[in-house]
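**Q**
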Amino acid sequence: MVPCPLVENDTILQQPADLLTLTEKYVQAAKSIIKTNADQSQPFFLYFAFQHTHQPQFASEKFTNSTLRGPFGDSLANLDWAVGEVMSTLKLYGLDDNTFVFFTSDNGPAQIHERRGGNAGLLRCGKGTTWEGGMREPAIARWPGKIKPGKTTELAATIDLFPTIARLTGAAMPNNVTIDGIDMSPFLFGNGTSDRDYYVYYSTEPVSEMGPAAVRWTHYKAHFHSKGGLSPDVYPDEVCRANYPLHYYDPPLLYDLNQDPGEIYNLKLDEHVQVMENIEKIRDYFQSTVVFGVSQVDSGVSDDAELCAKPGCSPFPSCCTTKTPSSHWDTFYRPHP
């Protein structure tokens, strides 16, 4: 595998990427995009995907050893600074009150990293599972004058961002594919409720024959099968462990997430017949209409597809490098003395 490169458009800027300066480079790129569009009075879309607090865990030099939480805390502090820089730039160019900002994450904590993996709190399991600890994420939506300060427990998903942004910008939605996302405008910008009343969960590496791993309808969630995730093999809850094999539940497990967000108390199905009928209808409809894409990962590996700063060099892949000070790029985290 080639060293991880930093790429801008079709140009490799660094290989391997200098982690001690990576966040600053991301921030400068974001600031440049905001300034360019502000100068032209041009609407813009900025997607800022942070490396923090993923592994390998790192922090910029000024944040290294800056918190009591160790590497995880330093990484989080670096992330907090970067978000602040973006928000300050919006304010600098008079865009603070005219920009929809949405902050969230993509999955729960990788508990296999223990103290450096984060914590799901009361939620069960973590990354790599379809339990709430792996799938449920907090989110912050901000638009002064458009979004009232407060909090909501309306059901929403990251796939809902696409139709929401399309509505805000007046962009046409594609009509040749089924869009699973639902516009969040009613509860974000008004006093309405979410039009989403269900969500379908698939496990990692799903295949069509398996069907959904779980389905949520309103505040009820049923698990049809599950397998372990990124938790150590000594984790107290065995269904979370990396070595927990695929297991089908017959009958399904049913939980009331309002009363039991930790998915501890399995409900009696004979007391929730209508709930299960609704959930099974959703599962069967979704399974009958979903179209699985062709996996590019399963199509094989080719050296020609690897991003290399020196195409055709030898010995491959270690030769794929740019001139980067080794004292920078080979340091993920400077430990406490």
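3 is the number of the first residue of the sequence shown in this note's numbering; add one for each residue after it.
For every residue, glycine included, the Cβ atom is placed at its ideal position computed from N, Cα and C.
Going by alpha carbons, who is nearest to G230 out of R218, T220, T206, V217?
**A** Checked all of R218, T220, T206, V217; the closest Cα to G230 is T206.
**Q** What distance in whole Å lies between the Cβ atoms of Y222 and L157, which are believed to be in contact at a cut-off of 8 angstroms?
**A** L157 to Y222, Cβ: 11 angstroms. No contact.
**Q** Looking at the strands, I want to know which residues DSSP matches up with S228.
**A** DSSP lists H249 as the bridge partner or partners of S228.
**Q** Output the boundary residues of the alpha helix (DSSP H) element that contains W83.
**A** Taken as a continuous stretch (DSSP letters only), the alpha helix (DSSP H) holding W83 covers 72-94.
**Q** If I measure Cβ to Cβ from L170 and keep anything under 8 angstroms in the same chain, skipping five residues before and after, which residues do I get?
**A** F102, S187
**Q** In chain order, which continuous runs of the beta strand (DSSP E) of length 3 or greater are located wholly inside the segment 118-149?
**A** 141-144
**Q** Compare the Cα-Cα distances from D76 to each of M89, Q53, D98, D41 and report the closest residue.
**A** Q53
**Q** Which stretch, first to last residue, makes up the beta strand (DSSP E) that contains L8?
**A** 8-10
**Q** Would you check if the distance between the CB atom of F74 and the CB atom of Q57 is smaller than 8 angstroms?
**A** no
**Q** Give me the Cβ distance between S2 and T23, rounded to the nearest whole Å; I'm assuming they're in contact under 8 angstroms.
**A** There is no way to answer for residue 2, as the model of the chain reaches only from 3 to 339.
**Q** Taking just the CA atoms, how far does R144 sit from V217?
**A** 29 angstroms
**Q** Report the CB separation of K37 from Y95 in whole angstroms; it is logged as a contact under 8 angstroms.
**A** Going by Cβ atoms, the distance from K37 to Y95 rounds to 6 angstroms, so yes, they are a contact pair.
**Q** Helix, strand or coil for I181, going by three-state DSSP, please let me know.
**A** coil
**Q** Looking only at its own chain, which residues have a Cβ that is under 6 angstroms from the Cβ of A224, when we skip the five neighbours before and after it?
**A** Answer for A224: V217, P254, L256, I281, listed in chain order.
**Q** Let me know the secondary structure DSSP gives H216 once reduced to three states.
**A** Going by the sequence as given, residue 216 is Ala instead of His. Residue state, collapsed to three classes: strand.
**Q** Assuming A112 contacts K129 (C-beta within less than 8 angstroms), just tell me the rounded distance between them.
**A** A112 to K129, Cβ: 5 angstroms. Contact.
**Q** In the DSSP output, what is Y203 paired with across the bridge?
**A** Paired residues: A216.
**Q** Taking 7 angstroms as the limit between beta carbons, can you name the residues of its chain near G136, skipping five residues before and five after?
**A** N109, G110, C127, G128, K129, G130, G231
**Q** Do you know how far the Cα of N80 is from the Cα of D332?
**A** Low confidence applies to D332: its pLDDT is 38, below 50, so where it sits in the model is not reliable, and the reading given next is rough at best. C-alpha separation (whole angstroms): 19 angstroms.
**Q** Roughly how far, in whole angstroms, is the beta-carbon of Q289 from the beta-carbon of G213, given that I think they are within contact range, below 8 angstroms?
**A** So it is a contact: roughly 5 angstroms between Cβ atoms.
**Q** To the nearest whole angstrom, what separates the beta carbons of L124 and R138, a pair I think is in contact under 8 angstroms?
**A** Contact flag wrong, Cβ pair sits at about 10 angstroms.
**Q** Taking only the alpha-carbon atoms, compute the straight-line gap between L190 and V303 and give it to the nearest angstrom.
**A** Looking at the backbone, the Cα of L190 and that of V303 are separated by about 43 angstroms.
**Q** Between which two residues does the alpha helix (DSSP H) holding Q276 run?
**A** Unbroken alpha helix (DSSP H) run through Q276: 275-291.
**Q** Would you kindly report the start and end of the unbroken beta strand (DSSP E) that includes V103?
**A** From DSSP, the beta strand (DSSP E) with V103 extends over 103-106.
**Q** Going by DSSP, name the residue or residues bridged to Q16.
**A** Beta-bridge pairing links Q16 to L8.
**Q** When burial is assigned at 16 or more other CB atoms within 10 Å of the CB, is P5 buried or exposed?
**A** Buried, since its Cβ has 16 or more Cβ neighbours within 10 Å.
**Q** Report buried or exposed for F50, applying the criterion of at least 16 other Cβ atoms within 10 angstroms of its Cβ.
**A** exposed
**Q** Give me the residue from D199, V241, D258, G192 with the minimum Cα distance to Y2.
**A** Nothing in the structure corresponds to residue 2, since the chain is present only between 3 and 339.
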